[in-house]
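Asker: Residues in the sequence shown are numbered from 6 upward in steps of one, following my numbering. Positions of the beta carbon are idealized from the N, C-alpha and C atoms, including for glycine.
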Amino acid sequence: MIRFKGILMVSLFPMLSALSAESPSSKIFPYQINQVTLDNGLKMVSIPFDSPGIVAYYTVVRTGSRNEIEPGKSGFAHFFEHMMFRGTEKYPKDKFTAALKSIGADNNAYTSDDETVYHTVASADALETMMDIESDRFMNLKYSEEDFKTEAGAILGEYNKNSSNPFQAIEEKVRESAYDVHTYKHTTMGFLRDIQNMPNQYQYSLTFFDRWYRPENCVVVVVGDFRQEKLIELAKKYYGGWKRGSYTLNVPAEPPQKAEKILDLPWKAKTLPILTVAYHSPAFSDREIDMPAVSLFDEVVFSQTSDLYRKLVVEDQLVEFVNGSIDETRDPGLFYVFARVKDAKNIQKVKDAVYQAIEDAKTKPVTAERLESIKSHVKYDFAMGLDNADHVANMVSHYIKLTNDPESVNKVHALYDQVTPAEIMAVAKKYFTQDNRTVLLLTQQQQQQEVKQ
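Encoded structure:
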């Protein structure tokens with residue numbers, strides 16, 4: 006499905022009416038976006054939003070697992086998502102927690118392939134306090150080797166906990182096989198062997214922080230109840246002394262896949278078979294049509310209104326679910342197809358149905374009426390996610406990680422409006438080929454032999 010951040014089913018009738026009446030050239034994002042770049046390269050993105058007394062404060066570090074280019078050093082972007090809560094000399098951990106509690110702040114973080122995001126929602130009156138706390142930890146984070154080893158151990162524990170989820174194992178194995186040289190080869194958590202060795206990497210952790218936690222690599226997003234002049238004044242006060250870095254990232258480009266890859270993943274716990282088919286797909290772009298066309302292809306072929314879904318889930322009842330998913334990433338990523346098969350004897354039948362649906366999409370154009378309905382649904386889903394300051398900041402952060410430009414939200418939706426049935430057929434032929442796919446089948450161990458017989 007097409008992914009947008011923070012989608013909630015809420016009543017936004019005025020906004021939906023406006024969207025349904027807009028022209029293709031209209032901007033889908035209805036709020037003013039202010040952008041100011043400080044002398045040191047730190048970008049301030051601010052969006053006035055009707056949330057009296059509340060602001061959402063996000064810091065987007067445009068560094069995720071994509072940046073982990075040295076062999077044996079995966080997992081450090083996610084590591085710093087944890088480590089940034091360890092405190093500084095000015096705000097040690099206990100004082101940091103107490104300061105956030107005193108302003109009623111909801112504070113957390115997350116990491117992906119292309120970003121690490123630190124987010125806070127609190128009283129608008131506490132904006133200066135938030136800026137003091139956040140600027141301090143970004144400029145002055147300090148931790149001992151003992152603290153480092155403690156957190157590295159906690160991350161191994163998190164990995165082990167997540168490893169009980171079959172989809173975690175599927176993603177790891179598919180990525181490691183589908184990619185040869187690009188850093189998307191490892192997940193955000195990192196390779197297990199690197200996580201196990203992380204306690205020995207204290208000195209490298211200091212290098213990683215010094216390299217990436219720099220103003221030119223970060224964007225502060227403020228949404229809600231604030232005054233623009235005061236915001237920029239405070240930004241200069243608290244962030245003005247932050248020094249630029251000098252490191253240049255060179256991520257190796259992934260060469261085209263030249264042959265289909267077939268993987269088996271035996272699973273010890275009880276599970277139904279899970280079929281996964283992954284295709285190399287285009288990078289996010291707000292200028293080229295391929296990514297939006299692939300996203301709409303996903304809706305045409307794999308949504309709950311598709312012929313494939315009706316056949317496999319509703320009529321023949323061969324699977325618990327079937328769906329598609331494109332990852333919006335800075336570099337070319339993967340398009341996943343997942344299906345959980347109710348009976349192992351039907352695995353091949355399900356696989357054939359998926360492949361046939363893709364082949365049909367190459368030669369049978371979606372009707373103009375259905376395509377327009379899908380586009381309208383995309384717009385409505387997007388609008389439903391803009392119901393509070395936190396969701397707006399989260400959505401804007403998603404586009405900042407991809408292009409460093411929050412206006413990409415308007416540019417890419419303009420491209421969605423331009424996608425035609427012919428362009429959907431074209432991307433189906435271009436990307437959804439046998440040589441470009443990696444196929445993984447997860448089954449219980451005792452079923453492995455049955456499936457192969």
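Just the C-alpha distance for residue 403 and residue 278, rounded to the nearest angstrom, thanks.
Answerer: Counted from its first residue, the sequence shown places residue 403 at position 398. Counted from its first residue, the sequence shown places residue 278 at position 273. So the alpha carbons of these two residues sit roughly 33 Å apart.
Asker: In the DSSP assignment, what residue or residues form a beta bridge with residue 125?
Answerer: Along the sequence shown, one-based indexing puts residue 125 at 120. Paired residue(s): 62, 112.
Asker: So, are the CB atoms of residue 355 and residue 344 less than 9 Å apart?
Answerer: Locating residue 355 in the sequence shown gives position 350, counting from the first residue. Locating residue 344 in the sequence shown gives position 339, counting from the first residue. Cβ atoms of residue 355 and residue 344: closer than 9 Å.
Asker: So, using beta-carbon positions, are residue 334 and residue 445 closer together than 9 Å?
Answerer: Here residue 334 refers to the residue found at position 329 when the sequence shown is read from its first residue. Here residue 445 refers to the residue found at position 440 when the sequence shown is read from its first residue. The answer is no: Cβ separation not under 9 Å.
Asker: Among the residues of its own chain, which have a CB less than 6 Å from the CB of residue 226, if the five just before and after it don't count?
Answerer: As a position in the sequence shown, residue 226 is number 221, starting the count at 1. Cβ neighbours of residue 226 beyond the five flanking positions: 50, 63, 398, 401, 402.
Asker: Considering only residues of the same chain and omitting the five flanking positions on each side of residue 330, which have a CB-CB separation below 6 Å?
Answerer: Working through the sequence shown from its first residue, we reach residue 330 at position 325. 341, listed in sequence order.
Asker: Ignoring anything shorter than 3 residues or poking outside the region 378 to 455, list the beta strand (DSSP E) runs there in chain order.
Answerer: Correct list: 442 to 449.
Asker: Any chance you could list the alpha helix (DSSP H) runs of at least 4 consecutive residues sitting entirely within the region 34 to 96, in chain order?
Answerer: You should have 81 to 88.
Asker: Among the residues of its own chain, which have a CB less than 6 Å from the CB of residue 503, if the five just before and after it don't count?
Answerer: In the structure displayed, the chain extends from 6 to 458; residue 503 sits before or after that span and is not available.
Asker: Buried or exposed: residue 413, going by 16 or more other Cβ atoms within 10 Å of its Cβ?
Answerer: Reading the sequence shown from its first residue, position 408 is the one you call residue 413. With 16 or more Cβ atoms within 10 Å of its Cβ, residue 413 is classed as buried.
Asker: I'd like to check one pair, residue 89 with residue 146: are the Cβ atoms closer than 9 Å?
Answerer: Position 141 of the sequence shown, counted from the start, is the residue given in the question as residue 146. Position 84 of the sequence shown, counted from the start, is the residue given in the question as residue 89. Yes, these two residues count as a Cβ contact at 9 Å.
Asker: Verify whether the separation of the beta carbon atoms of residue 78 and residue 172 is less than 9 Å.
Answerer: Walking along the sequence shown from the start, residue 78 turns up at place 73. Walking along the sequence shown from the start, residue 172 turns up at place 167. Contact: no.
Asker: Are at least three pairs of beta-carbons, each pair with one atom in the region 66 to 78 and one in the region 179 to 186, less than 8 Å apart?
Answerer: Because the criterion of three Cβ pairs below 8 Å is not met, the region 66 to 78 and the region 179 to 186 do not touch.
Asker: The alpha helix (DSSP H) with residue 272 in it runs from where to where?
Answerer: Residue 272 sits at position 267 when you count from the first residue of the sequence shown. Element bounds for residue 272: not the alpha helix (DSSP H) but the beta strand (DSSP E), 266 to 272.
Asker: Mapping DSSP to helix, strand and coil, what is residue 330?
Answerer: On the sequence shown, residue 330 is found 325 positions in, with the first residue counted as 1. In the structure shown, residue 330 sits in a strand (DSSP, three-state: E or B).
Asker: Quick one: what's got a C-beta closer than 6 Å to residue 418's C-beta in the same chain, skipping five residues either side?
Answerer: Here the question's residue 418 lines up with position 413 in the sequence shown. Same-chain partners within the cutoff: 33.
Asker: Does the beta-carbon distance from residue 124 to residue 195 come in below 9 Å?
Answerer: Stepping through the sequence shown from its first residue, residue 124 is reached at position 119. Stepping through the sequence shown from its first residue, residue 195 is reached at position 190. No, Cβ-Cβ distance for residue 124 and residue 195 is not below 9 Å.
Asker: If distances are taken between C-alpha atoms only, which option among 103, 268, 143, 288 comes closest to residue 178?
Answerer: Locating residue 178 in the sequence shown gives position 173, where the first residue counts as 1. With distances taken between Cα atoms, residue 178 lies closest to 268.
Asker: Does the Cβ-Cβ distance between residue 324 and residue 376 come in under 9 Å?
Answerer: Stepping through the sequence shown from its first residue, residue 324 is reached at position 319. Stepping through the sequence shown from its first residue, residue 376 is reached at position 371. No; because the gap between Cβ atoms is not below 9 Å, this pair is not in contact.
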